[in-house]
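Working notes, structure below.
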Amino acid sequence: MRPLSTVRLDQSNMELSKVLTQGGWRRTASLNIILDLTCGIILLVLIISLEKPGSSFTTSTIIFEGDSSSNYFMQVLSAPSREELDKAHGVFLPLDIGIPSFKNMQSISHFKKICWFGLLLSSLPIHLFFNSSIFETYFQGSAWGLTIATEAFTQGASLAPAGSSYPAYEYVPYYDAYLTSTTEGDPGNNRIDGYGLAVPLEQYANKTSTIRKNLTETAENSSGWHMLDANTCRSEYLLSCKARTQYRDVVVVIETGTNSTVGWSRGEVFNLSRNLFQQWDIYVPPNDVNSLWYSTECTTTRDIMSLANPNQNCSNHCGTALGLQVNVPVELPNTTVSSNWKFQFQSASLPGITPDTVADYGYNDRFSNLTVKYCLAQPASNVCKIGISNLLLFIVVICIFIKVAQCCLILWKLPYSSLVTLGDAMESFISKPDPQTFGLGTLDRLDSYRLENQPRRYWSSDDESHLTSAIKPRQWHHPNRRFLSIVPRITWAHMYILLLVSITILSLGLGFSYIYNKSSLRAPFGPSDENRITTGFSVGGNGYFSALLSANIFQPLLSLCYFSYNAFFTRLLVEQEWNSYSLRSQPLRVSHPRGDQISTYRLQLPYRYSIPLLLVSILCHWFLSNALFLFIMEGGYWQGFSIYDAPSYFHVSEDSLIALGYSPPAILALFVVACVIIPLPFLFSLRKLKGNMVAGGSNSLVLSAACHCYVFPRPGDDEERRRGHSRPEGSQIDCQDDNTWIHYGDEPGEHVPLDERIGHDSDRISQQTVLCGTSSQTSPGRNGESTENFRSLEDDHLIPMAEDLEDWEQKLRELSQSKLKWGAMPLPNDLAEAVNTESGEIVMHLGFGDEFANIRSPQEGGLLRPAY
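Residue numbers (my numbering): 191 to 1058.
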């Protein structure tokens, strides 16, 4: 005997298999769950597999160094069941059918509400965090090496690392004083103003020091660097605030100013006092020719606030060594630069240089001005990084798995009775007519709106129904309608308020980017090292999350706009499908087809609408993520503020800038797309409806009122038992006091209570509306009888006799499973005799029928009797 747990597991597997093999929306929902689950598993595996030594769950992982189904399920959840519809119809409150609806929340079950809001809440972290959970860093270099030497330096000539310019001569007094106030370990504070990084003399004698290694590599490799003419070199390294992205280190090749083309001897440049010989003989031998004039490490930096104030300067810490001041304007005026670049290397006004020092060193003034021949620039190899934020991605994965669990629960537990599509609702109302809408077959959207907004209460048999007049024959007037008039005003308002708010924000962003981009929108598209950076996040420990939320805050708004936009077109397509039943006979499109019914892959929108809308949504989200983004820049070029503690979180260098960036072209692209799609709903709504039919295909009251049907005899059917609608001979309806009785048979005194005859539930049918209207009709009956004694004689055809009830229900089910068409059709013979007017005008029935019902389009001015 098999264990009970195994049996239960097998039963669960069979139930799951049954759910997954169902057609209609459940099949598509299953595919959505599989896609969500696959996405979540891939992201989780990504987090685990890319974990590196030293990384933490709460930080990020650099993965490389050197771009939903909620809407579907939320629409399914907002679809009401028949029981929920009946309850709402009890107070003539219409619900939405076949469209995503927040309005239905007040009427659906608690299970659906909880799942609906759960899907909504689990979507927010995905929109807010997913775009920033995978990030890219950019590089704008600040550091570069400056070497001033002769051409022989690049050809292997001898050199003295200290250089022929004797850096200690200009800087020793100032340098020694400066070192006493610096922070140990911070080389940036050791920079002498305008001459780069100050190097202690002993490092020139140490062959393993960094300065010696750099000099050796430069001498060996610089001959293969890019050659720049003097004018280009000056513009690249001196007259601009360029970050070191194209070129890094540079060798400025100068003329010696002597008879030698190799370099300089110490005696040509300095006339040292004898007390300095011993000190300098170690670093610059007296008789050697030195091909190196000067070498140091430089930086070019720019303050972040200069983005808002172009008049601010950037800092070139080797500006004085190249004949210019340290602070360089961000935007230099256009000046003519001669092809012969001469610059003053030494200034007599250097700080800390006393007249006695000048006399001791005896510097030769002929070398104060140097002439540049050309430059050799090292091509920059920028290091960019792509990383993932482990914590953010894990939050996204958790939300995806929560969604998957909710969707599985919905697929498993959601009752099959939910009326998800228009066809589902029509099938329900045809097979089980709604007693609340008896006699309201000409009800349209405007009528439903009036009913919805009037004071509501439940009707009882003591009330004088205000709906009784609707049961009488009414003249038909052809509704010359466009979609524009069918969509409720509140739907227009909701959609266009969201769209106008979005376009206003876009307009402000576009204007801001135009002003702060020097009255231009020219810039790289998307994240780039040339993009503009906002300056509003000079905050502390929470700065990262502030910037993160700011970069993605408009993603949920865009999703909300798409949800509203999609719902609008879904409403149009529901109305179009509803209206098409007045043009031709066609089967119902339902979730679980039977008979001639069909089932499709979609809830409402076909591929020709859903795919373009989805592509536009993807395009807009992509434009938005490129328009506003989290910006991470390494290289130290940008100075000022950054988001503190974020460099360690992102595993980037401490000199990195982390801020909020924006791209003017991406903002413009999103603005253009918005301007194109905003008028489309209005333009689509200008189309006329082709069919001559009551409007309101997504309104449950309109659907219910239009789906009270007669079943006409088919070949081979018994005329006396046409689906239970034919009244047995001698039967009549009578109303006595507050109770409704059916007189059936030959014995006039034989009365049977209505509830006993058909087992009717008083909550299901309002007897006063169905049978006992307050105003009776007087019209010719059979054999000249007056119908005055029968309170709406035609209502006799509503209620089948007990023995015919099962057959009546079966006939209605068969009708709902056949091809249907809406329109005017002849009444059954006995009913026609009862309701035709005294003038002889023919009254026709208005509603749905099959191919045997002889359905035609309602004629202008014709008398129509709404179903029942």
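We put the beta carbon where it would ideally sit given N, CA and C, even for glycine.
query, result
"Would H941 be called buried (16 or more neighbouring beta carbons within 10 Å of its own) or exposed?", "Unreliable placement is indicated for H941, whose pLDDT of 34 sits below 50; no coordinate value is reported for it."
"Cα-Cα, which of G881, D419 and P783 is closest to S1008?", "P783"
"How far does the alpha helix (DSSP H) with T422 in it extend, from its first residue to its last?", "A420 to Y427"
"Within 10 angstroms of the Cβ of H416, are there 16 or more other Cβ atoms? Answer buried if so, exposed if not.", "exposed"
"Do G887 and W768 have their CB atoms nearer than 8 angstroms?", "yes"
"With DSSP as the reference, please indicate the residues paired to W415 in a beta bridge.", "None, per the DSSP bridge assignment."
"Compare the beta carbon distance of P290 and S271 with 8 angstroms and say whether it is the shorter of the two.", "no"
"Just the C-alpha distance for N480 and S355, rounded to the nearest angstrom, thanks.", "10 angstroms"
"Roughly how many whole angstroms lie between the Cα atoms of L428 and P802?", "52 angstroms"
"Under the three-state reduction of DSSP, which class applies to S800: helix, strand or coil?", "helix"
"Which residues mark the beginning and the end of the beta strand (DSSP E) in which F1129 is found?", "There is simply no residue 1129 to check, as the chain begins at 191 and stops at 1058 in what is shown."
"Figure out for me which residue from D493, L814 and L763 has the closest Cα to the Cα of I743.", "L814"
"At a cut of 8 angstroms, does the stretch 605-622 reach the stretch 341-350 through at least three beta carbon pairs?", "no"
"Taking the straight line between their C-alpha atoms, what separation do you get for V586 and W812?", "18 angstroms"
"Have a look at A849, I867, G825 and K1011 and flag the residue whose alpha-carbon is nearest the alpha-carbon of Q436.", "G825"
"Whole angstroms is fine: what's the gap from S1006's alpha carbon to E765's?", "19 angstroms"
"Do you know how far the Cα of H507 is from the Cα of R492?", "11 angstroms"
"Within the continuous beta strand (DSSP E) that includes M1015, where are the two ends?", "K1011 to P1016"
"Could you give the DSSP three-state label for E274: helix, strand or coil?", "helix"
"Entirely within the stretch 664-706 and at least 4 residues each: give me those alpha helix (DSSP H) ranges in chain order.", "673-676 and 679-706"
"Whole angstroms are fine: how far does the CA of L418 sit from the CA of F715?", "30 angstroms"
"Taking S638 as the reference, give the member of Q265, E996 and S890 with the closest Cα.", "S890"
"May I ask you to report which of helix, strand or coil DSSP gives N756?", "helix"
"Over the uninterrupted beta strand (DSSP E) stretch that includes M295, give me the two end residues.", "Element bounds for M295: n/a, residue is neither H nor E."
"Whole angstroms are fine: how far does the CA of W602 sit from the CA of E326?", "41 angstroms"
"Name, in chain order, the residues that DSSP records as bridge partners for K878.", "R672"
"Considering only heavy atoms of the ligand ZN, does any lie closer than 7 angstroms to the CB of L267?", "Judged by which ligands are present, the structure shown has none, so any question about the ligand ZN falls away."
"Alpha carbon to alpha carbon, what distance is there between L696 and L750?", "16 angstroms"
"Measuring CA to CA, which of N816, S736, I822 and W334 is closest to L858?", "N816"
"Looking at the unbroken alpha helix (DSSP H) that takes in K603, where does it start and where does it end?", "N580 to K603"
"Which residues does DSSP list as the beta-bridge partners of A567?", "H416 and V440"
"Could you please give the first and the last residue of the uninterrupted alpha helix (DSSP H) stretch that includes V894?", "The residue asked about is misnamed: residue 894 is Ser in this sequence, not Val. Run containing S894: S890 to A896, per the alpha helix (DSSP H) assignment."
"V884 and D634 - do their beta-carbons sit closer together than 8 angstroms?", "yes"
"Counting C-beta neighbours from all protein chains within 10 Å, is the total for R779 16 or more, i.e. buried, or is it exposed?", "buried"
"Locate the beta strand (DSSP E) running through Y484, then write down its first and last residues.", "L482 to D493"
"Grouping DSSP H, G and I as helix and E and B as strand, with all else coil, what is G963?", "At G963 the pLDDT is 27, less than 50, meaning the model places this residue with poor confidence and gives no usable figure here."
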